[in-house]
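*Asks:*
Protein chains: 2
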Amino acid sequence: MRLSRYFMPILRDAPKEAEIVSHRLMLRAGMIRQEAAGIYAWLPLGLKVLNNITKIVREEQDRAGAIELLMPTIQLADLWRESGRYDAYGKEMLRIKDRRDREMLYGPTNEEMITEIFRANVRSHKDLPKNLYHIQWKFRDEVRPRFGVMRSREFLMKDAYSFDIDQASAKTSYNRMFVAYLRTFARLGLKAIPMQADTGPIGGDLSHEFIILAKTGESEVFGHNDYLDFETPDADVDFDDAAGLQAIVDRWTSLYAATEEKHDVAAFEALPEDRRFAARGIEVGHIFYFGTKYSEPMKAYVTGPDGKDVPVHMGSYGIGPSRLAAAIIEAGHDDAGIIWPDAVAPFRVGLVNLKPGDSACDAACEDLYAKLKGLGLDVLYDDTDDRAGAKFATMDLIGLPWRLVVGPKGLASGVVELKRRGSSAPEQLSAESALAALSR
Amino acid sequence: MRLSRYFMPILRDAPKEAEIVSHRLMLRAGMIRQEAAGIYAWLPLGLKVLNNITKIVREEQDRAGAIELLMPTIQLADLWRESGRYDAYGKEMLRIKDRRDREMLYGPTNEEMITEIFRANVRSHKDLPKNLYHIQWKFRDEVRPRFGVMRSREFLMKDAYSFDIDQASAKTSYNRMFVAYLRTFARLGLKAIPMQADTGPIGGDLSHEFIILAKTGESEVFGHNDYLDFETPDADVDFDDAAGLQAIVDRWTSLYAATEEKHDVAAFEALPEDRRFAARGIEVGHIFYFGTKYSEPMKAYVTGPDGKDVPVHMGSYGIGPSRLAAAIIEAGHDDAGIIWPDAVAPFRVGLVNLKPGDSACDAACEDLYAKLKGLGLDVLYDDTDDRAGAKFATMDLIGLPWRLVVGPKGLASGVVELKRRGSSAPEQLSAESALAALSR
Numbered sequence: 001m002r003l004s005r006y007f008m009p010i011l012r013d014a015p016k017e018a019e020i021v022s023h024r025l026m027l028r029a030g031m032i033r034q035e036a037a038g039i040y041a042w043l044p045l046g047l048k049v050l051n052n053i054t055k056i057v058r059e060e061q062d063r064a065g066a067i068e069l070l071m072p073t074i075q076l077a078d079l080w081r082e083s084g085r086y087d088a089y090g091k092e093m094l095r096i097k098d099r100r101d102r103e104m105l106y107g108p109t110n111e112e113m114i115t116e117i118f119r120a121n122v123r124s125h126k127d128l129p130k131n132l133y134h135i136q137w138k139f140r141d142e143v144r145p146r147f148g149v150m151r152s153r154e155f156l157m158k159d160a161y162s163f164d165i166d167q168a169s170a171k172t173s174y175n176r177m178f179v180a181y182l183r184t185f186a187r188l189g190l191k192a193i194p195m196q197a198d199t200g201p202i203g204g205d206l207s208h209e210f211i212i213l214a215k216t217g218e219s220e221v222f223g224h225n226d227y228l229d230f231e232t233p234d235a236d237v238d239f240d241d242a243a244g245l246q247a248i249v250d251r252w253t254s255l256y257a258a259t260e261e262k263h264d265v266a267a268f269e270a271l272p273e274d275r276r277f278a279a280r281g282i283e284v285g286h287i288f289y290f291g292t293k294y295s296e297p298m299k300a301y302v303t304g305p306d307g308k309d310v311p312v313h314m315g316s317y318g319i320g321p322s323r324l325a326a327a328i329i330e331a332g333h334d335d336a337g338i339i340w341p342d343a344v345a346p347f348r349v350g351l352v353n354l355k356p357g358d359s360a361c362d363a364a365c366e367d368l369y370a371k372l373k374g375l376g377l378d379v380l381y382d383d384t385d386d387r388a389g390a391k392f393a394t395m396d397l398i399g400l401p402w403r404l405v406v407g408p409k410g411l412a413s414g415v416v417e418l419k420r421r422g423s424s425a426p427e428q429l430s431a432e433s434a435l436a437a438l439s440r
Numbered sequence: 441m442r443l444s445r446y447f448m449p450i451l452r453d454a455p456k457e458a459e460i461v462s463h464r465l466m467l468r469a470g471m472i473r474q475e476a477a478g479i480y481a482w483l484p485l486g487l488k489v490l491n492n493i494t495k496i497v498r499e500e501q502d503r504a505g506a507i508e509l510l511m512p513t514i515q516l517a518d519l520w521r522e523s524g525r526y527d528a529y530g531k532e533m534l535r536i537k538d539r540r541d542r543e544m545l546y547g548p549t550n551e552e553m554i555t556e557i558f559r560a561n562v563r564s565h566k567d568l569p570k571n572l573y574h575i576q577w578k579f580r581d582e583v584r585p586r587f588g589v590m591r592s593r594e595f596l597m598k599d600a601y602s603f604d605i606d607q608a609s610a611k612t613s614y615n616r617m618f619v620a621y622l623r624t625f626a627r628l629g630l631k632a633i634p635m636q637a638d639t640g641p642i643g644g645d646l647s648h649e650f651i652i653l654a655k656t657g658e659s660e661v662f663g664h665n666d667y668l669d670f671e672t673p674d675a676d677v678d679f680d681d682a683a684g685l686q687a688i689v690d691r692w693t694s695l696y697a698a699t700e701e702k703h704d705v706a707a708f709e710a711l712p713e714d715r716r717f718a719a720r721g722i723e724v725g726h727i728f729y730f731g732t733k734y735s736e737p738m739k740a741y742v743t744g745p746d747g748k749d750v751p752v753h754m755g756s757y758g759i760g761p762s763r764l765a766a767a768i769i770e771a772g773h774d775d776a777g778i779i780w781p782d783a784v785a786p787f788r789v790g791l792v793n794l795k796p797g798d799s800a801c802d803a804a805c806e807d808l809y810a811k812l813k814g815l816g817l818d819v820l821y822d823d824t825d826d827r828a829g830a831k832f833a834t835m836d837l838i839g840l841p842w843r844l845v846v847g848p849k850g851l852a853s854g855v856v857e858l859k860r861r862g863s864s865a866p867e868q869l870s871a872e873s874a875l876a877a878l879s880r
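For the protein sequence lines, the chains are A and B, in the order given.
Its first residue numbered 1, the first sequence is counted upward by one per residue in the working numbering.
Its first residue numbered 441, the second sequence is counted upward by one per residue in the working numbering.
Right under this line is the structure:
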């Protein structure tokens with residue numbers, strides 16, 4: 001993409017309203033724009049990040065055997081009356097009346113609707129287990145929306161729902177998502193630690209939050225250091241192997257780890273002092289097993305092997321890609337701007353032409369731009385008339401993994417300059433060597 | 441995908457509420473499920489089709505130089521007061537109050553919001569032309585939603601917005617989208633004819649609808665037959681060549697073509713009788729040039745080359761991917777079900793195992809399934825216990841381009857059966873030959 005043709009409105013100054021670093025950097029980098037309190041437009045650079053996150057989330061859901069569908073944003077109030085949550089949900093639910101005065105709502109979550117879809121179509125234990133997920137915009141009318149997309153009102157959520165014949169099978173479905181989440185966060189460049197959690201309005205008695213550590217995190221978390229060195233399950237993990245999944249979950253829940261609410265000071269202090277951490281954390285995923293909480297009142301029954309109807313055992317599993325975009329910045333930035341993990345970066349390479357209009361610089365840049373694209377790399381080519389200093393500041397701010405600089409002086413001695421974001425020193429090398437390095 | 445693990449709830453009978461064939465077939469094939477009047481969930485098969493459509497729409501927008509972003513679904517009423525459309529829009533607009541009694545709405549279109557984003561960030565003619573688009577769910581509270589996703593309340597829309605310094609440049613931006621639309625519909629397997637159109641609540645004085653012909657279309661259209669043989673612009677069409685674009689638009693508007701509202705009987709009857717058609721049509725895209733209708737009241741000004749501020753000239757360009765899914769079915773089906781164009785089909789191949797549990801059939805199917813996936817083909821493998829007749833009926837209903845049948849009798853004589861959806865006769869051939877045919 002040529003920057004002269006792109007739409008990336010950089011702000012030189014940090015906006016006053018932004019209280020946390022990810023919000024400031026997302027506004028400054030032209031990733032998002034607030035359209036109303038807690039409601040954001042995703043500008044092109046932000047949307048690319050959001051899509052990169054979503055793609056990884058989707059691939060890992062698919063790998064774990066979950067099936068994607070897409071539920072609408074607007075739901076009927078009556079559906080929520082069936083579960084008893086319509087009145088219970090409170091003011092966070094955005095309630096709407098249509099032109100015929102029907103009571104509707106903007107879905108804050110989808111347990112009711114997916115249960116309705118399931119019960120209308122699945123009748124037999126032979127069709128189980130099933131895990132259905134979607135990635136859709138949700139709305140929660142927070143009393144005080146803030147922190148940018150970290151706690152917005154309209155937000156993107158991947159929510160999966162599992163259906164099983166009994167609790168034992170449901171536990172395996174839960175473990176599948178547990179393992180898929182470990183893989184998802186690792187691929188996003190994050191160290192996420194599962195922690196036992198309260199279930200809140202979703203309900204149920206088994207639940208884990210996945211927490212990443214970030215100095216600027218929203219809450220305090222405590223745990224055993226060894227988690228940080230645990231290896232993530234391989235891409236070829238067998239999601240049909242219940243015992244194998246359980247072994248992974250056992251290992252990832254074997255050591256102490258807790259959020260503030262669940263913190264057990266005595267257990268924590270029993271850990272060797274050099275093997276424990278007390279740090280700031282950000283919740284990036286939350287999984288629940290809640291049994292028959294929705295299937296019983298909503299009559300989502302299937303016929304069991306013995307011919308008797310039983311309510312299905314359910315779980316739900318959430319990841320917020322829009323929140324993750326901010327969380328990844330909280331976990332990766334410096335004073336100059338964002339430092340994206342490779343898998344999430346909006347472009348892999350920022351190609352900087354120090355002297356547009358200079359025929360040697362233009363020719364070298366066009367050649368590199370074409371060749372980098374030929375290698376399948378996504379490139380942002382700064383072909384604008386800005387000063388060199390402003391160009392460097394912009395590249396640091398938007399945090400692309402690689403910066404490739406072409407200037408008349410370097411070209412005269414046959415070199416360009418390659419720098420990895422976050423590393424100290426740029427490297428002078430031939431254009432060919434730079435291409436070879438970037439293709440690795 | 442193994443059908444035994446998939447979620448594709450087939451209905452044997454046509455649902456009574458469905459008045460048109462695409463609605464009936466989408467319900468029967470388990471593509472969609474109604475969640476409220478005019479509000480649908482996209483079940484896995486339907487979502488795959490929707491995503492295939494969206495991918496092509498996106499690729500052609502990108503090719504034409506449009507830049508993708510994503511605006512939220514919920515908007516502030518005040519924004520619409522600036523353009524004067526808040527009161528004018530009527531009951532089709534879904535109006536909402538949040539917990540603080542702020543007046544909001546579910547966006548039915550985005551001219552106001554994109555103008556707000558533009559004016560906040562673009563100040564100079566040097567940054568023009570720009571075309572910004574998004575693909576997002578919209579809501580129009582139709583008084584009588586019907587025809588399934590053809591006329592639903594919550595629907596997916598690609599809407600692009602162009603910004604230019606003057607009318608001449610804006611016309612080129614308009615032509616870019618005109619050409620992009622020709623390419624988009626051709627890639628979707630459709631013959632779309634541009635026709636002059638009224639501008640309705642969007643406003644402006646230049647507008648084209650893109651209409652496809654389908655026996656079951658919603659309205660009558662009239663035109664010159666030669667349009668049906670026109671060649672679509674190549675993938676390497678130069679979107680920076682204003683004269684070249686104008687020549688394509690001139691050619692595609694050179695002959696008579698009109699919707700009912702714009703029909704000129706005398707002009708139509710002046711055509712040679714064998715070179716004219718009167719047929720049913722479906723609108724699949726609509727483009728508008730409306731000049732400064734929004735930029736003036738909303739003060740979207742840029743500094744021109746002479747240093748003076750001028751309001752930008754704008755156009756907007758819509759395609760509804762959710763509506764297209766239905767329109768493509770209206771244009772391609774038979775009594776047995778849907779006939780998908782290759783580019784849109786949810787799977788390329790339906791692999792039918794006539795005798796699951798038979799070790800030879802299972803082994804041959806597993807081998808073909810793995811090899812087809814290895815070829816990069818998306819395969820739906822029917823490994824269920826259904827009767828052969830039901831399996832064939834399902835495959836015809838869901839309309840995959842290729843059906844590959846493996847049975848014990850054929851295997852004994854070394855053959856499998858390959859059939860193209862819509863063609864008359866299946867072909868008996870070796871598994872290797874079938875793979876070779878499908879890899880072409």
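Every residue gets a Cβ at the ideal spot worked out from N, C-alpha and C, and that includes glycine.
These figures come from a predicted structure and were not determined experimentally.
Please look up how many angstroms separate the CB atoms of valine 489/B and glutamate 770/B, rounded, as I've assumed it's under 8 Å.
*Replies:* Valine 489/B to glutamate 770/B, Cβ: 14 Å. No contact.
*Asks:* Would you say proline 72/A reaches chain E, if we count a Cβ-Cβ gap shorter than 8 Å as a contact?
*Replies:* No chain E is part of this structure, whose protein chains are labelled A and B.
*Asks:* Which residues in the same chain have their Cβ closer than 6 Å to the Cβ of isoleucine 838/B, if we skip the five residues on either side of it in sequence?
*Replies:* Apart from the 5 residues on each side of it in sequence, isoleucine 838/B sits with its Cβ closer than 6 Å to the Cβ of Ala469 in its chain, given in chain order.
*Asks:* Out of Arg323/A, Ala425/A, Glu116/A and Gln167/A, state which residue places its alpha-carbon closest to the alpha-carbon of methionine 26/A.
*Replies:* Out of Arg323/A, Ala425/A, Glu116/A and Gln167/A, the CA that lies nearest to the CA of methionine 26/A is found in Arg323/A.
*Asks:* Which of the three DSSP states, helix, strand or coil, is assigned to tyrosine 86/A?
*Replies:* helix
*Asks:* Check whether the Cβ of alanine 771/B lies closer than 8 Å to any Cβ atom in chain A.
*Replies:* With its beta carbon at least 8 Å from every one in chain A, alanine 771/B lies outside the interface.
*Asks:* Taking C-beta pairs closer than 9 Å, name the residues in chain A that glycine 505/B reaches, listed in chain order.
*Replies:* Arg5
*Asks:* Out of Ser359/A, Arg403/A, Pro129/A and Leu188/A, state which residue places its alpha-carbon closest to the alpha-carbon of glycine 515/A.
*Replies:* No information on residue 515/A is available, as it lies outside the stretch 1 to 440 that chain A covers here.
*Asks:* Does the beta carbon of proline 145/A sit closer than 8 Å to a beta carbon anywhere in chain B?
*Replies:* no
*Asks:* Hey, quick one: how far does the beta strand (DSSP E) through tryptophan 402/A stretch, first residue to last?
*Replies:* 402-406
*Asks:* Do we get a CB-CB distance below 8 Å when we pair isoleucine 557/B with the residues of chain A?
*Replies:* Chain A contact via Cβ: present.
*Asks:* Just to make sure I have the definition right: I need the residues of chain A whose C-beta is within less than 7 Å of the C-beta of proline 538/B. Which are they?
*Replies:* The displayed chain sequence assigns aspartate, not proline, to residue 538/B. Residues of chain A passing the Cβ test: Leu94 and Asp141.
*Asks:* Mind listing which residues of the region 463-475 of chain B have their C-beta closer than 9 Å to chain A's C-betas, in chain order?
*Replies:* Gly470, Arg473 and Glu475
*Asks:* Using three-state DSSP, classify glycine 337/A as helix, strand or coil.
*Replies:* strand
*Asks:* Between alanine 637/B and histidine 726/B, which are expected to be in contact by the criterion C-beta below 8 Å, what is the C-beta distance as a whole number of angstroms?
*Replies:* 7 Å
*Asks:* Report the residue from Ile768/B, Met635/B, Pro712/B and Leu646/B whose alpha carbon sits nearest the alpha carbon of histidine 703/B.
*Replies:* Per the C-alpha coordinates, the member of Ile768/B, Met635/B, Pro712/B and Leu646/B positioned closest to histidine 703/B is Met635/B.
*Asks:* Listing by chain order, which chain A residues have their CB less than 8 Å from the CB of alanine 481/B?
*Replies:* Neighbours of alanine 481/B on chain A, chain order: Leu69, Leu70, Met71, Pro72, Met113 and Ile117.
*Asks:* Report the rounded CA-to-CA distance for proline 737/B versus glutamate 552/B, giving the unit in angstroms.
*Replies:* 10 Å
*Asks:* Quick test of the definition: if touching needs 3 or more C-beta pairs under 8 Å, does the region 258-273 of chain A touch the region 309-326 of chain A?
*Replies:* no
*Asks:* Does tryptophan 520/B have its Cβ less than 8 Å from a Cβ in chain A?
*Replies:* Not one chain A Cβ lies under 8 Å of tryptophan 520/B.
*Asks:* Buried or exposed, going by whether 16 or more other CB atoms sit within 10 Å of the CB of serine 207/A?
*Replies:* buried
*Asks:* Can you look up glycine 470/B in the DSSP assignment and give me helix, strand or coil?
*Replies:* coil
*Asks:* Measure the C-alpha to C-alpha separation of alanine 852/B and alanine 865/B and round it to an integer number of angstroms.
*Replies:* Straight-line Cα distance between these residues: approximately 21 Å.
*Asks:* Touch check for the region 481-495 of chain B and the region 522-540 of chain B: three-plus C-beta pairs under 8 Å?
*Replies:* no
*Asks:* Using a 10 Å radius around the Cβ and a threshold of 16 neighbouring Cβ atoms, would you call aspartate 604/B buried or exposed?
*Replies:* buried
*Asks:* In the DSSP assignment, find the beta strand (DSSP E) that holds glutamate 660/B and state where it starts and stops.
*Replies:* 659-664
*Asks:* Would you mind stating whether proline 548/B and arginine 580/B have Cβ atoms separated by less than 8 Å?
*Replies:* Yes.
*Asks:* Considering only the beta carbon of each residue, do isoleucine 96/A and proline 512/B sit closer than 8 Å?
*Replies:* no
*Asks:* Pick from Gly65/A, Val179/A and Arg151/A: whose alpha carbon is nearest that of phenylalanine 210/A?
*Replies:* Val179/A
*Asks:* Using the Cα positions of glutamate 582/B and alanine 458/B, report the straight-line distance between them to the nearest angstrom.
*Replies:* 17 Å
*Asks:* I'd like to know whether the C-beta of asparagine 793/B is nearer than 8 Å to at least one C-beta of chain A.
*Replies:* So no, asparagine 793/B is outside the interface.
*Asks:* If you draw a straight line from the C-alpha of glutamine 868/B to the C-alpha of glycine 829/B, how long is it?
*Replies:* 18 Å
*Asks:* The alpha helix (DSSP H) spanning threonine 732/B covers which residue range?
*Replies:* From DSSP, threonine 732/B is part of no alpha helix (DSSP H); its letter is neither H nor E.
*Asks:* Closer than 8 Å, Cβ to Cβ, to anything on chain B: give me those residues from the region 203-235 of chain A, in chain order.
*Replies:* Hits within the stretch: zero.
*Asks:* Any beta carbon of chain B sitting closer than 8 Å to that of asparagine 121/A?
*Replies:* yes
*Asks:* Could you tell me which chain B residues have their CB closer than 8 Å to the CB of methionine 104/A, listed as they occur along the chain?
*Replies:* Ala476
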